[in-house]
Structures are given as structure tokens and as C-alpha cells.
Amino acid sequence: MIEVEICSFSLQSSIEADQNGASRIELCGGFLEGGTTPSQGLVKEVLREVTVPVFIMIRPRGGDFCYNIHEQKVIKADIEEIKKLEPSGFVFGALNPDGSIYIELCQKVVEWCAPYPLTFHRAFDVCKDRNAALEQIISLGFERILTSGGANSAMEGLGELKLLNQKAAGRIQIMAGAGVNVSNVSEFVKAGLSAVHSTGKVWEESEMAFRNEKVSMASGSMPDEFGKYESSGAVISKLIRKVY
Numbered sequence: 201m202i203e204v205e206i207c208s209f210s211l212q213s214s215i216e217a218d219q220n221g222a223s224r225i226e227l228c229g230g231f232l233e234g235g236t237t238p239s240q241g242l243v244k245e246v247l248r249e250v251t252v253p254v255f256i257m258i259r260p261r262g263g264d265f266c267y268n269i270h271e272q273k274v275i276k277a278d279i280e281e282i283k284k285l286e287p288s289g290f291v292f293g294a295l296n297p298d299g300s301i302y303i304e305l306c307q308k309v310v311e312w313c314a315p316y317p318l319t320f321h322r323a324f325d326v327c328k329d330r331n332a333a334l335e336q337i338i339s340l341g342f343e344r345i346l347t348s349g350g351a352n353s354a355m356e357g358l359g360e361l362k363l364l365n366q367k368a369a370g371r372i373q374i375m376a377g378a379g380v381n382v383s384n385v386s387e388f389v390k391a392g393l394s395a396v397h398s399t400g401k402v403w404e405e406s407e408m409a410f411r412n413e414k415v416s417m418a419s420g421s422m423p424d425e426f427g428k429y430e431s432s433g434a435v436i437s438k439l440i441r442k443v444y
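The numbering used here numbers the first residue of the sequence shown as 201 and each following residue consecutively.
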């Protein structure tokens with residue numbers, strides 16, 4: 201049976217995922233940055249409201265995955281505080297400046313997160329040697345790797361995902377993510393993968409009636425400040441039906 205993990209950025213999306221068949225939730229902040237550490241308030245409320253396992257993203261900022269000593273202090277502090285809320289697990293990844301896995305920091309994070317399991321996130325997709333990284337991540341004790349196969353989307357990286365799954369040989373779970381949706385999820389099932397990762401998102405229009413569009417509160421990357429993406433129960437249900 202294939203697992204369907206839903207990447208959620210809000211309490212609303214987490215409830216939709218929980219009520220519509222998700223196997224697990226990856227809880228993040230920072231949608232436009234590709235996922236950052238969520239607020240403790242969000243973590244607390246999601247854990248209170250849902251019944252499925254919830255893994256918490258640990259990423260102090262957007263951008264690359266090379267973290268300085270100051271950021272590492274924040275990483276440790278976030279883990280210490282979130283552990284008090286008793287999540288199901290954590291999501292993390294870090295690289296050295298040369299693109300190799302930052303083994304020393306990852307080892308510390310595994311220790312800081314113990315006894316909770318970890319997913320290694322898509323930092324894997326931008327490392328310089330995925331074959332070496334696979335073995336290192338297994339040795340570090342991570343439970344799974346979220347990956348697109350080193351491509352912009354999991355569909356583009358499908359061939360590499362198959363190879364990674366073969367090389368992993370059951371030692372670690374390979375979870376396909378990046379652009380996984382209702383129209384293509386069956387391809388990952390056919391490929392023999394045991395887990396997929398999706399947002400199941402739709403655009404939700406803002407309730408704001410008055411809109412001062414002369415003043416922007418966001419960076420230029422925000423397409424529309426009067427709306428947001430949320431996971432859709434209907435989309436998640438369709439996704440689940442495609443894999444079972």
C-alpha cells in the first residue's frame with residue numbers, strides 16, 4: 201500500500217488532509233520559500249486537531265541548505281521546543297558548501313530529534329552526488345528521503361526515482377515529491393515507489409472586500425496578496441483514490 205503524505209502550511213490544510221485520507225502530514229511554514237520551520241502555535245494546534253502522523257519541517261530560512269553557526273543554534277532551539285509538543289517526527293537536510301551532505305550537522309540533528317524519526321528533505325536533490333548521499337543518509341539513520349530524483353519535478357525525475365528505489369533496497373523509504381498530483385500520481389505507483397508527497401493545493405480567494413492594491417506587503421514573488429493556497433479535501437480524496 202502506497203503512503204500519501206500531504207505537505208501542509210496551515211491548520212486548515214492539515215485538517216483537510218487528515219479528514220480526506222492522508223497517510224501523514226509534513227507541516228511547514230514559508231510556502232513561497234518551499235517550506236520553513238512552522239510556528240509553535242501552528243504545530244500545537246495541528247497536533248491537537250489531527251489524528252494522522254505529523255512530521256515537522258526544520259529549516260530556519262529559505263534559500264540554500266548550508267547553515268552557519270548562528271542558524272544551527274536556531275535549528276537546535278526549534279527542535280528542543282517542538283519536541284515538547286510531541287510530534288510524530290521531523291524533516292531536515294543540510295549540505296556543505298561543496299554540495300556534499302553536511303554529515304556532522306545531520307548527525308547532531310538526529311541526536312537532537314531522538315527518539316523521533318526523520319525524513320531527509322529535497323536538499324538531496326541539489327547535492328553533488330546522490331549515490332554517495334543515499335548511503336550517507338542511510339548510515340545517519342534517516343527513515344526516508346523526499347526527492348524528485350534530482351529534477352525540477354518528480355515526473356521529470358521518474359527514471360532516477362526508480363533507480364534510487366532499487367539502490368535503497370528497502371533500507372530507507374524513497375518518497376516522490378515535487379509536482380505530484382491527481383493526473384500523474386499513478387505513474388509513481390507503477391514505478392514501485394512506496395510513498396508520494398503532494399500539497400493537494402487549490403487557490404483560495406481572500407475574504408478582503410477592501411483592497412488597497414497600491415501598497416504591497418510581500419516580495420515580488422507573491423503573485424496575488426488577496427488569496428492563498430490551501431490543501432483541498434476534494435483534491436486529496438481524488439489523489440487517494442488514484443493510488444488505492
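Beta carbons: idealized from backbone N, C-alpha and C, even for Gly.
Q) Which one of N331, S339 and I269 has the shortest CA to CA distance from T347? A) N331
Q.
So for H321, helix, strand or coil by DSSP?
A. coil
Q) Could you give the C-beta distance for L227 and I256, rounded to a whole number, given that I count them as a contact under 8 Å? A) Right, the Cβ-Cβ distance comes to about 5 Å (below 8 Å), so this counts as a contact.
Q) If we count Cβ pairs, one from each stretch, closer than 8 Å, do we get three or more for the segment 351-361 versus the segment 303-319? A) Taking one beta carbon from each stretch, the segment 351-361 and the segment 303-319 have fewer than 3 pairs nearer than 8 Å; the two do not touch.
Q.
Rounded to whole angstroms, what is the Cα-Cα separation between V462 and E216?
A. Lying outside 201 to 444, the shown extent of the chain, residue 462 is not represented and no answer is given.
**Q.** Reference K308; option with closest CA among A277, F209, V382 and I345
**A.** A277
Q) When DSSP labels each residue in this structure, what does V326 get in the three-state scheme? A) helix
Q.
Does the segment 425-442 come into contact with the segment 391-402, if we say contact requires no fewer than three beta-carbon pairs (one atom in each stretch) closer than 8 Å?
A. yes
(Q) Once DSSP output is grouped into helix, strand and coil, what is the label at V402? (A) strand
**Q.** Rounded C-alpha distance that separates K438 from H270
**A.** 43 Å
Q | Extent of the continuous alpha helix (DSSP H) run through K244 | A | Looking at the DSSP string, the run of the alpha helix (DSSP H) that includes K244 is Q240 to E249.
Q. Quick one: Cα of S416 to Cα of L232, how far?
A. 16 Å
Q: Could you tell me the distance, in whole angstroms, from the CA atom of L242 to the CA atom of A222?
A: 19 Å
Q. Based on Cα-Cα distance, which residue from C207, G235 and A376 lies nearest to G263?
A. G235
Q. What separation, rounded to the nearest whole angstrom, lies between the Cα atoms of S394 and E203?
A. Roughly 6 Å between the two C-alpha positions.
Q: May I ask which residues mark the beginning and end of the beta strand (DSSP E) holding G377?
A: Looking at the DSSP string, the run of the beta strand (DSSP E) that includes G377 is Q373 to G377.
Q: Could you work out which residue in Y267, G289 and F292 is closest to D298 when comparing CA atoms only?
A: When the alpha-carbon of D298 is set against those of Y267, G289 and F292, the nearest one is in Y267.
Q. Looking at the structure shown, is S437 part of a helix, part of a strand, or coil, going by DSSP?
A. helix
Q: Rounded to whole angstroms, what's the CA-CA distance from D325 to L364? Just pull it up for me.
A: 12 Å
(Q) Measuring straight from C-alpha to C-alpha, what distance separates T319 and S288? (A) 11 Å
Q | Three-state class that DSSP yields for L393 in the structure shown | A | coil
Q: Use the C-beta contact count for K284: other C-beta atoms within 10 angstroms, 16 or more gives buried, fewer gives exposed.
A: exposed
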